[in-house]
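Only one structure is covered here, and it is reproduced in the block below.
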Amino acid sequence: MANTTFNGKVRSENGFAQITKTAATGAITENTTIDSSGNVSAGGTLSVTGRSTLTGNTIATTAGTGITTGTGTVYEAGVIKIGEVFHTTILIDLTGLASSGSGDIIGKAATANSHIGQITAAVNGTVLGGKLTCLEAPAGGDPDINLWYADEATGTEDAAVTGLTNQVQMCDSGDLAIGTIVGIPTPPAADKYMYMVTGAATDANYTAGKILIEFFGYE
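In structure tokens, the structure reads:
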């Protein structure tokens, strides 16, 4: 069949397929397909000359309202899988959040659902390890920010993280300063919700502080 040029959209209710036909047997191999839901499976090499924006590459559950409703607070997260390695990143500006007593959950003052996201094996892989990087030193609130996980998403700022179910500390950061990198020796278990928790008692609002949390997982 000769090449065909269309003026307008090419539409199909049941998807598209680019195929190879074996001359000797007539067998058809589908190399690249777009199914009826728009899912693409590309069998060749993908060459992109423009920018790529992967808007769907988010973690399973974004942060709770105890984080996202802080005034001036920034929370963004994403996941990329390269080969068989999952790379999860969580970027947080602490401004607008609050800390209180030692071992208490950090979040918008007196607000529930102060978790920073949920890890699942389907989205993040089985997490092998991670790290926390301080991009700007915390000010106002407590600079000793540790990471924990627990079963519930409902943890409230100013409440003890030990009041949650099956809570586990992932890392002990000490006081964060710009450039500090802290390993996360105990990675989050699947389906758990993660929290930032004070390591010391400082009852105040954060006026500065930027951190990057990264996890590395496998299929």
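Position one of the sequence shown corresponds to residue 591 (this note's numbering), numbered consecutively onward.
Positions of the beta carbon are idealized from the N, C-alpha and C atoms, including for glycine.
- The residues Ile609 and Thr610, in chain order, have a CB closer than 7 Å to that of Thr619 in the same chain once the five nearest residues on each side in sequence are set aside.
- Between the alpha carbons of Leu725 and Asn597 lies a gap of roughly 51 Å.
- Boundaries cannot be given for Ile709, as no beta strand (DSSP E) includes it and DSSP labels it neither H nor E.
- Per DSSP, the continuous beta strand (DSSP E) segment holding Gly807 begins and ends at Ala798 to Tyr808.
- Here Thr788 is buried, its C-beta having at least 16 other C-beta atoms within 10 Å.
- Judged by beta-carbon spacing, Gly697 lies beyond the 8 Å limit of Leu684, meaning their Cβ atoms are not closer than that value.
- Shown here, Gly656 sits in a helix according to DSSP, grouped into three states.
- Along the length of the segment 732-807, whole beta strand (DSSP E) runs at least 3 residues long occupy 735-740, 758-761, 771-774 and 783-788, reported in chain order.
- About 6 Å separates the Cβ atoms of Gly707 and Thr652, confirming a contact at the 8 Å cut-off.
- The residue among Ser689, Val758 and Gly605 with its C-alpha nearest the C-alpha of Ile774 is Val758.
- Residue pairing by DSSP puts Ser689 in a beta bridge opposite Ala794.
- With fewer than 16 other CB atoms across the displayed protein chains lying within 10 angstroms of its CB, Tyr808 is exposed.
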